[in-house]
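>
In the numbering used here, the protein residues as written are 8 to 231.
(1) Counting along the chain, where does the alpha helix (DSSP H) carrying residue 102 start and finish?
(2) Of all the options 106, 107, 55 and 108, which has the alpha carbon lying nearest to the alpha carbon of residue 118?
(3) In the DSSP assignment, find the unbroken alpha helix (DSSP H) run with residue 87 in it and report its ends.
(4) Please state whether the Cβ-Cβ distance between residue 193 and residue 199 is less than 7 Å.
(5) Could you tell me the distance, in whole angstroms, from the CA atom of residue 114 to the CA atom of residue 230?
(6) Expressed to the nearest angstrom, what Euclidean distance is found between the alpha-carbon atoms of residue 69 and residue 39?
(7) Could you tell me whether the region 73-83 touches the region 46-53, where touching means 3 or more Cβ pairs closer than 8 Å?
(8) Roughly how far, in whole angstroms, is the beta-carbon of residue 28 from the beta-carbon of residue 147, given that I think they are within contact range, below 8 Å?
(9) Threshold first: 3 residues or longer. Then list the beta strand (DSSP E) segments lying entirely within the region 145-172, N to C.
(10) If you measure between the beta carbons of residue 57 and residue 94, is that distance less than 7 Å?
(11) Which one or two residues does DSSP pair with residue 191 in a beta bridge?
(12) Can you list, in chain order, the residues of its chain whose CB lies under 6 Å from that of residue 220, leaving out five sequence neighbours each side?
(13) How would you call residue 175, buried or exposed, if buried means at least 16 neighbouring beta carbons within 10 angstroms?
(14) Pick out whichever of 203, 222 and 87 has its Cα sitting closest to the Cα of residue 187.
(15) Looking at the secondary structure, which residues open and close the alpha helix (DSSP H) in which residue 127 lies?
(16) Which residues in the same chain as residue 196 place their Cβ atom closer than 8 Å to its Cβ, once the five residues preceding and following it in sequence are excluded?
(17) Please state whether DSSP places residue 65 in a helix, a strand or coil.
(18) Compute the distance between the beta-carbons of residue 158 and residue 59, then report whether it is under 7 Å.
(19) Would you kindly work out how many angstroms separate the C-alpha atoms of residue 145 and residue 183, rounded to a whole number?
Have a look at this one:
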C-alpha cells in the first residue's frame, strides 16, 4: 500500500510511514483489497489530509472507522458523498446543528465544506472491509492517525478537538490540553445520542472555544 499525502502531512508522519509497522499495515490492506471489497477507494483513503492541510486545521473531529456500505465512505469521518442516504449518526449531527445554531438542514450528508474550512474530519482507522465494521481496527492505522493528532497538538496555533464517544475520548492523552480546547460528548449514534448528544449544544461550545482562543466562529453551514 502506498499512501499519497500532501507534503505537510508527509513530513509530519515521516517517522510512522517508514516504520516496520506501516509496512505490515500496507501488506494487510493490500491483501484485504485482493480478497474483498474495501472502503473507501484507494484514492480517498487520505481525503481528510488532502482537504485540510496541517497549517489550516482549526477543528479536529475524530471518528472511528469508515462506513462499510457501498458508496458511503469517501475519506471524511461521518460524511457521505452527495446523493447517498444520510446515515443515522450523521442525521443526528445535522439535527443537533439545526437545533443548536439554527442552521438550515441540508439535503445531503457531504461534509467536504467543513474540511475545506479547516475541520480535520479524521477517522481513527482509515479503511474497512465491506459489511464488517471495525474489520481493519488494531491493524496499524491507529499509529498513523494518532501521529496526525499529535502533529496537530504540537502546532503553535491552538485548535478545538471534538471528541464524540468513548473511542474518541481515548485520544485525550495525545492532546496538549494546556493550549488546545476539547469538546466532549457521547457518540451521535441512535444508541447513545439521547444520552448526552442531542440537546447538549456541542456546536455552540465549539464556537465559544474558538472565541476563547481569539479566533472567528467556524462556518458550519452546508446548504449551498
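Using N, Cα and C, we set each Cβ at its ideal position, and we do this for glycine too.
Let me spell this out:
(1) 95-108
(2) 55
(3) Element bounds for residue 87: n/a, residue is neither H nor E.
(4) yes
(5) 7 Å
(6) 24 Å
(7) yes
(8) 5 Å
(9) 167-171
(10) no
(11) 170
(12) 165
(13) buried
(14) 222
(15) First-last for residue 127: 126-130, but that is the beta strand (DSSP E), not the alpha helix (DSSP H).
(16) 95, 96, 99 and 172
(17) coil
(18) no
(19) 24 Å
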